[in-house]
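A quick write-up on the structure given underneath.
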Ligand code: ADP
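Laid out in structure tokens, this is it:
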């Protein structure tokens, strides 16, 4: 407990604007809570509209300098930040668990994952290149160059407080784009700690500005509509994403949108059942189910569903639940009372419609926002959880009989982020992976997130890809220079 309070004490709590820590206008603050107890952790500066303009102005002024900085120098800053994140991983992980609730093991995993975006994009920074070509009819040459899009606005959610930030900041810095990053108000501390690291790594003033605010809509809308930033990158719910796309359209900003998901997880009769159980456990329980990639609908062939359900429930039952900071805990609290109420509502709705509870099924009676690992079968087809993101440790199982049928069910959603397919039949695996409507597919694996792979969705799950060799393209403009000969 002493280590927790001294860490909170040492964490920056002001806005990071133009390379300096500043108070919000009028000294305004917002509260940050520990979801495992519901208690106050600390207060941090709460930015006003004017603070927002200051941050954007700083990004605008710093833009030419960052664009002109040699790529190798930008890469070196990212590499130093990568190393500092590893040096401070104990603090970063604990801080994340305190503000967000996820078990320490998950937080350590996220620190590594988050840092990897900096290393990946450090390596990409020096590989930005163009092309040179003779016009097909001759008589001219085409020179194609890449340039940073300009200042960016980056908005991130609370479920991965560090990684969703580095996934945007890494390519932005690598490409030479300055930014105003607004972390979620529920979990601002991780990004504030990261600002400290970027500062120490030698990032020039104004290149990254961190704006925490309890009034995101009011503060961000005028900034987006101003057109000073040329790019908006958002990770969050589809509803907010839709609103931001409309705002970005006013000045035709480039946009990247990582929105909601409704992942299907299919277990065919020819799957390795133990591997499928392990995969489902990962796809369901990582981050206590609070991930847009979480398995939201689990379809199991009728001939193996009983075996699968029994094994999955047995595994989930064994996961220790408690404060994420406690050794060995695998199930933390949900992030807040609202999230807990939503999970409870979705389970109640399914059970009222006829679903059967194999495990869990009601909130845990203790302080904090705990929902236990839950396994449901016989989910009615009109249950809300067939369409809505659960964002909690609830595994809904539905039997299916035929491949065509399950593909149809999987695609019967407006989302298209990721689906998981378990089969030992290679041809079937490829066939189904091609047929499902999603930006990503886990074939015999329960996790797809990797900084070196293109992460993103289709349909209403979003626009663009993050990570991989295309992630940096989202922050680059293509310029064609036609040369008369
Ligand atoms: P979640 O459901 O995961 O909380 P949200 O889409 O509500 O997802 O939030 C994701 C991020 O978007 C957070 O940083 C939040 O503060 C921010 N946000 C929410 N509403 C708006 C808005 N109207 N304008 C700008 N940012 C917003």
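Numbering (UniProt numbering), first residue to last: 8 to 492.
By construction, the Cβ of each residue, glycine as well, lies at the ideal position given by its N, Cα and C atoms.
task: Return the first residue and the last residue of the alpha helix (DSSP H) that residue 128 is part of.
output: 111-132
- prompt: Would you call the region 110-130 and the region 337-354 touching, i.e. three or more CB-CB distances under 8 Å?
  reply: yes
Residue 232 to residue 189 span [Cα, whole Å]: 16 Å
query: Taking DSSP as the reference, what is the three-state secondary structure of residue 101?
result: helix
- prompt: residue 40: buried (16+ other C-beta within 10 angstroms of its C-beta) or exposed?
  reply: buried
field: Backbone secondary structure at residue 294 - three-state DSSP
entry: helix
message: Spatial neighbours of residue 310 within its chain, please: C-beta separation below 7 Å, excluding the five flanking residues on both sides.
response: 276
query: For the region 367-448, which segments carrying the beta strand (DSSP E) assignment without a break, of at least 3 residues, lie completely within its bounds, in sequence order?
result: 381-384, 401-407 and 425-429
With 16 other Cβ atoms within 10 Å as the buried cut-off, status of residue 445: buried
message: What would DSSP say about residue 363, mapped onto helix, strand or coil?
response: strand
message: Per DSSP, what are the beta-bridge partners of residue 40 in this structure?
response: 47
- prompt: Which term fits residue 325, buried or exposed, when burial requires 16 or more other beta carbons within 10 angstroms of its beta carbon?
  reply: exposed
field: 8 Å Cβ shell around residue 204 - same chain, five flanking residues per side excluded
entry: 88, 91, 92 and 95
- prompt: Going by alpha carbons, who is nearest to residue 101 out of 348, 418, 18 and 317?
  reply: 18
- prompt: Since residue 173 is in the alpha helix (DSSP H), which residue starts that stretch and which ends it?
  reply: 170-182
Closer than 6 Å: residue 168 CB and nearest the ligand ADP heavy atom: no
query: Terminal residues of the continuous alpha helix (DSSP H) containing residue 205?
result: 196-207
- prompt: For residue 31, which residues from the same chain have a beta carbon less than 7 Å from its beta carbon, with the 5 sequence-adjacent residues on both sides left out?
  reply: 22, 52, 53, 54, 55 and 58
query: At what residues does the beta strand (DSSP E) containing residue 264 begin and finish?
result: 261-265
message: By the three-class DSSP mapping on this structure, what secondary structure does residue 477 have?
response: coil
Residue 195 versus residue 241 - alpha carbon distance: 16 Å
- request: Please confirm whether residue 271 and residue 237 have their CB atoms less than 7 Å apart.
  value: no
query: Candidates 417, 395 and 399: which alpha carbon is nearest residue 405's?
result: 417
message: Less than 6 Å separating the Cβ of residue 155 from some heavy atom of the ligand ADP?
response: no
- request: Determine the closest residue to residue 367 out of 402, 346 and 172, with distance taken between C-alpha atoms.
  value: 402
- request: Tell me whether residue 342 counts as near the ligand ADP, meaning its Cβ is closer than 6 Å to at least one heavy atom of that ligand.
  value: no
- prompt: Can you tell me whether DSSP reads residue 468 as helix, strand or coil?
  reply: helix
query: Is residue 290 near residue 302, with beta carbons less than 7 Å apart?
result: yes
query: For residue 221, is the beta carbon positioned less than 6 Å from some heavy atom of the ligand ADP?
result: no
message: Considering Cα atoms alone, identify which of 274, 42 and 70 is closest to residue 431.
response: 274
Among 172, 376, 410 and 358, the one whose alpha carbon lies nearest that of residue 399: 376
- request: Measure the alpha-carbon distance for residue 455 versus residue 201 and round it to whole angstroms.
  value: 25 Å
query: Taking the continuous beta strand (DSSP E) assigned at residue 28, which residues delimit it?
result: 27-29
- request: Just the C-alpha distance for residue 459 and residue 215, rounded to the nearest angstrom, thanks.
  value: 23 Å
- request: Pick helix, strand or coil for residue 232, following the three-state DSSP scheme.
  value: helix
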